[in-house]
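Numbering (the numbering used here), first residue to last: 1 to 175.
One structure below.
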């Protein structure tokens, strides 16, 4: 829950500090705090099996011993922690960081940069076991695909739902 709140802070501060300059509505739009459209829901449904397959393939390449190391949490199953972490990551990485980079660099550059920023904290997996490296390209690709959903919808809501569903499904499949 602490991580969830920590991930919210930049977006909340952005909205608070930008409310007088651009208005609350535009500030919320800039960080993706709005509903998408039906096309983005369809896009999310299409991407669900793609992301699930990529994620599952990534963890299957890693040895079972590496996945069992304390701190490498995959099989949390159905838990609020998995859901809140996914929501927090989407609010921060796709909402705040992605919104800023997409506005500054356009789709290709901004989306690629936000996926790279999303990858950075996942590099800590290597501190547990270097054999976890196959998960890193998966994290980058998933971040990039979630960035597509964010770009197309203008919203982090679909991204958060998709991310939480993927994490839960992979946790259940791997566990």
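We put the CB at the ideal spot given by N, CA and C, even for glycine.
Given the structure is predicted, the values throughout are model-derived calculations rather than measurements.
{"query": "Spatial neighbours of residue 19 within its chain, please: C-beta separation below 8 Å, excluding the five flanking residues on both sides.", "result": "27"}
{"query": "Ends of the alpha helix (DSSP H) at residue 226?", "result": "As shown, the chain starts at 1 and ends at 175. That puts residue 226 outside it, with no answer to give."}
{"query": "Between the segment 140 to 159 and the segment 101 to 113, are three or more C-beta pairs nearer than 8 Å?", "result": "yes"}
{"query": "Helix, strand or coil for residue 39 per DSSP?", "result": "helix"}
{"query": "Note the first and the last residue of the continuous alpha helix (DSSP H) segment covering residue 105.", "result": "98 to 122"}
{"query": "CB-CB under 8 Å to residue 109, same chain, minus the five flanking residues each way: which ones, in chain order?", "result": "101"}
{"query": "Who are the near neighbours of residue 10 in its chain, counting only those whose CB is closer than 7 Å to its CB and skipping five residues on each side?", "result": "92, 96"}
{"query": "Ignore the nearest five residues each way along the sequence and tell me which others in residue 169's own chain have a CB closer than 7 Å to its CB.", "result": "52"}
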